Amino acid sequence: MLENAKKVLEMITEKGYKAYIVGGFVRDYLLGIKTNDIDITTNATPKELQEIFDDACMPSTDYGAVIINNYGTRYEITTFRKEINYINNRKPEKIEYIDDLYKDLTRRDFTINTICMDKNLEVLDFLKGKDDLKHRIIKTVGSAKERFEEDSLRILRAIRFASILNFNLDKEVEDAIIEKKHLLKSISYNRKKEELDKMFSNINAKKSVELLLKFGLDKELELERLKDINNTESLICVWSVLNVTDIYPFTNTEKEMISDINKALQIDNYDAISLYKYGLYVNQQAGAIKGLDKKKITKLYNKLKIHSKKDLKITSDEIIKLINKTPGEYIKEVYKDLEKEVLYNRLRNTTKYLRRYILKNIDKY
Ligand code: ATP
Ligand code: MG
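Now the structure itself:
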């Protein structure tokens, strides 16, 4: 992987530009953590980069990052920049390309994210990032209060790095979080959710929850139920407990899943009808939140006599013929009864028995 990264750097430097690996990859590499994304910083402009890399794409023009994919690694290449006039402490009004690596590093968030590597894999550390890595501490580049005022998403990034890497927050950072946390209100739910997703999907999600609560960010983030989270087994479990699909952005599939898990939380997840109705996954998630035995849920689910309507040994045409009425709502009723009886082992799932049951209850329909 490093060999490939070296090649990418060489392709840029061969054309006379400067280029360095920076940010998460160097930080994690020095900590012995494997990552698949590499951030590169360079004085080549996006246009110049597009001339070097045929497959370069630019997802959003104003942000100015060029993305290339190479042997399964995603490279995000950004041009040295200065960010001017932060509006409402979030997005810089303008970015200005510059030619100076050091200046580019000083606009970055934390010292541990400013360490660079050149094409000979030499480490360049202008802002003492390695010291802070060694002491396992999250320190901002310059004044924490000012950096959080410029972009308060950095508050969440500080907490994410502290929990994921199991680092401590510098005292100045802690004080600035408390003083500036109200600014999180002006950050888009999209950006906040991206950070929260990264926190909650990590193995150290519990620590993120603890830190968010410690600083009272549950209120600023409108996550009223954050204190109720005690199982961080999956991201969907966490979001289901938080239940904020009306505020934060979710896909329709996620919204449905979260709604189903919340319904499944109210019922007995060992019950055959519950298992059948909501399926294995939803019951497992609800079970995890309630601290139920996951293996037992799986076992009970696998033992169900049917897993969908299609498993019933009778078709709707046969039902209609048997009842001898124009199709209507009653078909649903018949199915509901058959499913229930079969699932509770009170009726055998064979055409003969299903027919017999319908005929016996025909007055009901
Ligand atoms: P990871 O990729 O593990 O999330 P990362 O540190 O690489 O961590 P990215 O979001 O990929 O984070 O950003 C790459 C680099 O860009 C960071 O290391 C940091 O130097 C800089 N950066 C990203 N977001 C900000 C921000 N909001 N403010 C200042 N600098 C930032
Ligand atoms: Mg990164």
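For the sequence shown, the numbering used here assigns the number 930 to the initial residue and increments by one for each residue that follows.
Idealized CB from N, CA, C, for every residue including glycine.
Predicted model only: the values in this text are computed from it and were never measured.
Straight-line measurement puts the Cα of Leu1098 at about 10 angstroms from the Cα of Asp1104. In the displayed model, Glu1270 falls within a helix according to three-state DSSP.
In this structure, Arg1037 has its beta carbon less than 6 angstroms from a heavy atom of ligand 1.
At a Cβ-Cβ threshold of 7 angstroms, Asn972 and Tyr946 count as neighbours. In this structure, the straight-line span from the alpha carbon of Arg1037 to that of Lys1192 is close to 44 angstroms. If you draw a straight line from the Cα of Ile1218 to the Cα of Lys1232, it comes to about 23 angstroms. For Ile967, the enclosing beta strand (DSSP E) has its first and last residue at Asp966 to Thr971. The DSSP assignment places complete alpha helix (DSSP H) segments of no fewer than 4 residues inside the stretch 1126–1204 at 1134–1143, 1146–1149, 1164–1171 and 1181–1194, in order along the chain. Note on Phe1009: 16 or more other CB atoms within 10 angstroms of its CB, so buried under the neighbour-count rule. Relative to the Cα of Arg1089, the nearest Cα in the group Tyr1118, Lys1136, Lys1063 and His1064 belongs to Lys1136. Val995 sits in a strand when the DSSP states are folded into three classes.
Per DSSP, the unbroken beta strand (DSSP E) holding Tyr1004 starts and ends at Thr1002 to Thr1008. Measuring C-alpha to C-alpha distances from Ser1169 to each of Asn1212, Tyr1205 and Leu1204 identifies Asn1212 as the nearest. Taken through DSSP and simplified to helix, strand or coil, Asn1097 comes out as strand.
In the same chain as Leu1171, and ignoring 5 residues on each side of it, the C-beta atoms closer than 6 angstroms to its own belong to Leu1152 and Arg1154, in chain order. Comparing alpha carbon positions, the residue from Gly1145, Ile1176, Thr1227 and Leu931 closest to Leu1050 is Leu931. Annotation for Ile1260: Ser1245, Ile1248 and Ile1249 place their beta carbon closer than 8 angstroms to its own, counting only its chain and skipping 5 residues before and after. Minimum Cα-Cα distance from Ile1226 among the listed residues Asp1240, Lys1234, Leu1209 and His1236 corresponds to Leu1209.
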